[in-house]
Amino acid sequence: MNLPAAGTLHVVATPIGNLGDFSPRAVETLKLVAAICAEDTRRTRPLLQQFGIDTPLIALHDHNEDEIAERLVVRLVAGESLALVSDAGTPLISDPGYRLVRAAREAGVRVSPVPGAAALIAALSVAGLPSDRFAFEGFLPAKAGGRRDRLQALAGESRTLLFYESSHRILDFLGDAASVFGADRHAVVARELTKLFETVLDGPLGALRSRIDQDPNQQKGEFVVLIEGAGDDEAAKLAEGKRVYAKLAEHLPPSTAAKLAAELTGAPRKALYGGS
1 MNLPAAGTLH
11 VVATPIGNLG
21 DFSPRAVETL
31 KLVAAICAED
41 TRRTRPLLQQ
51 FGIDTPLIAL
61 HDHNEDEIAE
71 RLVVRLVAGE
81 SLALVSDAGT
91 PLISDPGYRL
101 VRAAREAGVR
111 VSPVPGAAAL
121 IAALSVAGLP
131 SDRFAFEGFL
141 PAKAGGRRDR
151 LQALAGESRT
161 LLFYESSHRI
171 LDFLGDAASV
181 FGADRHAVVA
191 RELTKLFETV
201 LDGPLGALRS
211 RIDQDPNQQK
221 GEFVVLIEGA
231 GDDEAAKLAE
241 GKRVYAKLAE
251 HLPPSTAAKL
261 AAELTGAPRK
271 ALYGGS
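Throughout the sequence shown, residue numbering follows full-length UniProt numbering, covering 1 to 276 in sequence.
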């Protein structure tokens, strides 16, 4: 394999756990480029060493991407080929890198994907939820208020929803999701995908939270949470009506908020507010 004479930015997926998912093409590309831009060089270096890759590493993360993207593009324009990787999986999926990719494309540099593992797609493929239409939301805000606001904004969404979550927030996330979407809404929690302790649990949101709360082992690792969409039109209207009502009720009397929310969304007024 020979890389093109002109500089190319290769966006290279790395394993999310199982090293057997590292493609031969990805390994060869990383051996041949002039340098590898990595989110955390401390995590990427051991992976490269496993495959005999001694290409120089450049740290590229949220705090320095704007600063060094221009210098990297100069190298690309001059004819060097570079690679971009993240800590695990496909770059730019809830990871830095889009500024570099955009700058390279604006400079006329070829940007080429070397595809591979992505946790959200791996989870979707085994979840048993509708996969023809889905919405990926990544990590929600760490603070409870911001997280609930984002969930409320998605209450009427009919597509399958996918989220990333960390071990120290998974119970809070599931609790908030059950409160917003309803404890009976079907969901899947995929944990440590492709790794030794991989588990995929499914069931109603409320039951899933209770199950994970009772098993400390299920609270460890990296999570993808998938939540079934709002379903039929009436369910979607009701979910959206509740979201709008909650916002309006912060500033208006409950009866007025319910009347306006019903007019705006088509949701039944009595289902939003118990008053007459």
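Don't be surprised by glycine CBs; every beta carbon is placed ideally from N, CA and C.
Separation of residue j from residue i, as counted between CA atoms
{"i": "P15", "j": "A119", "result": "9 angstroms"}
{"i": "G229", "j": "H186", "result": "9 angstroms"}
{"i": "A258", "j": "H251", "result": "12 angstroms"}
{"i": "Q218", "j": "R191", "result": "8 angstroms"}
{"i": "I53", "j": "S125", "result": "31 angstroms"}
{"i": "R71", "j": "G108", "result": "15 angstroms"}
{"i": "G275", "j": "P113", "result": "For G275, the pLDDT reaches just 45, beneath the cut-off of 50, and the residue's location in the model is therefore unreliable, leaving the point undetermined."}
{"i": "L9", "j": "L82", "result": "5 angstroms"}
{"i": "H168", "j": "L19", "result": "26 angstroms"}
{"i": "G138", "j": "R148", "result": "14 angstroms"}
{"i": "S210", "j": "L171", "result": "9 angstroms"}
{"i": "G116", "j": "F22", "result": "7 angstroms"}
{"i": "F173", "j": "G206", "result": "11 angstroms"}
{"i": "A103", "j": "D202", "result": "41 angstroms"}
{"i": "R45", "j": "F223", "result": "24 angstroms"}
{"i": "E80", "j": "E28", "result": "16 angstroms"}
{"i": "A13", "j": "A26", "result": "7 angstroms"}
Identity of the residue in the options nearest residue i by Cα
{"i": "G182", "options": "D40, I170 and L151", "result": "L151"}
{"i": "I227", "options": "L60, D184, R25 and A78", "result": "D184"}
{"i": "A144", "options": "A177, A122, Y164 and R133", "result": "A177"}
{"i": "T265", "options": "T29, I58, S255 and L238", "result": "L238"}
{"i": "G175", "options": "L208, R43 and V73", "result": "L208"}
{"i": "P130", "options": "I58, A26, L140 and V188", "result": "V188"}
{"i": "G17", "options": "T194, R75 and R25", "result": "T194"}
{"i": "A59", "options": "E106, F51 and P96", "result": "P96"}
{"i": "G221", "options": "D213, R43 and S166", "result": "S166"}
{"i": "V101", "options": "P141, R42 and A69", "result": "A69"}
{"i": "R75", "options": "G7, E106, H61 and R43", "result": "G7"}
Contact test: residue i Cβ vs the ligand GDP heavy atom, cutoff 7 angstroms
{"i": "H186", "result": "Summarising the ligand content, the structure contains no ligands, and the ligand GDP is consequently not present."}
Own chain residues within Cβ distance below 7 angstroms of residue i, not counting five before or after
{"i": "A261", "result": "G241, V244, Y245, L248, A267 and L272"}
{"i": "Q50", "result": "L19"}
{"i": "I93", "result": "A118 and L120"}
{"i": "V180", "result": "R148, L151, Q152 and A155"}
Other residues of its chain near residue i: CB distance less than 6 angstroms, five sequence neighbours each side excluded
{"i": "S158", "result": "G229, A230 and A236"}
{"i": "T199", "result": "R191"}
{"i": "P56", "result": "A35"}
{"i": "V11", "result": "L84, P91 and P113"}
Chain-order list of residues whose beta-carbon lies under 8 angstroms from that of residue i (same chain, five-residue window excluded)
{"i": "D66", "result": "R99"}
{"i": "A135", "result": "L154, E157, R159, T160, L161 and L162"}
Problem - Runs of alpha helix (DSSP H) wholly within the region 168-194 (minimum 4 residues, chain order) - result: 170-181
Problem - Unbroken stretches of the alpha helix (DSSP H), 4 residues or longer, contained in the region 36-113 - result: 41-50, 65-77 and 98-106
Problem - Segment contact flag, the region 30-45 with the region 85-104, C-beta cutoff 8 angstroms, min 3 pairs - result: yes
Practice task
For the region 207-242, list the beta strand (DSSP E) runs that are entirely contained and at least 3 residues long, ordered along the chain.
Solution key: 223-227
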